[in-house]
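Working notes, beginning with the structure itself.
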Amino acid sequence: MARGGRGAAAGRLWGVREASGAKQRGLGTQHSPRRMGAPGSLSRLTWITPLRSGQHCDLHQGRVSWFLGRQLKVAVNCLARHVHVAPDKVALIWEKDELGEEVRVTYSG
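First residue of the sequence shown? That's 1 in the UniProt record's numbering, and the numbers climb one at a time after it.
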């Protein structure tokens, strides 16, 4: 969501706050493989809960976890941010049974 725009208002409406992008980009993935993937995802998604750990990997026990302690609202990340930024963009293409027939649904409906 764009800071201060209508997308931010939608986030507040849903009880979601976007963290500062500057802090997120400063995680330094090149120096910490445990943080690999976290900065890009942190800045692209709207999260509800704070990050405890970017990654936990124990291949000997077969346990791999990403974004431990994080939660997000899929509706905000998949729909709400697009409704305000690009309402006329196609969100869904329904291909009907008849050849060549389709219905295109935009984010605004």
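Where is the CB? At the ideal position from N, CA and C, for every residue including glycine.
- Rounded to the nearest whole angstrom, the CA to CA distance from Lys-89 to Asn-77 is 15 Å.
- Note on geometry: alpha-carbon atoms of Gln-61 and Trp-47 lie some 29 Å from one another.
- It is roughly 7 Å from the alpha-carbon of Leu-92 to the alpha-carbon of Thr-106.
- The residue among Leu-72, Val-85, Trp-66 and Leu-59 with its C-alpha nearest the C-alpha of Ser-108 is Val-85.
- Judged by DSSP secondary structure, Arg-81 falls within the alpha helix (DSSP H) whose first and last residues are 81 to 85.
- DSSP places Arg-70 outside both helix and strand once states are collapsed to three, so it counts as coil.
- Going by beta carbons, Leu-45 and Leu-72 fall inside the 8 Å limit.
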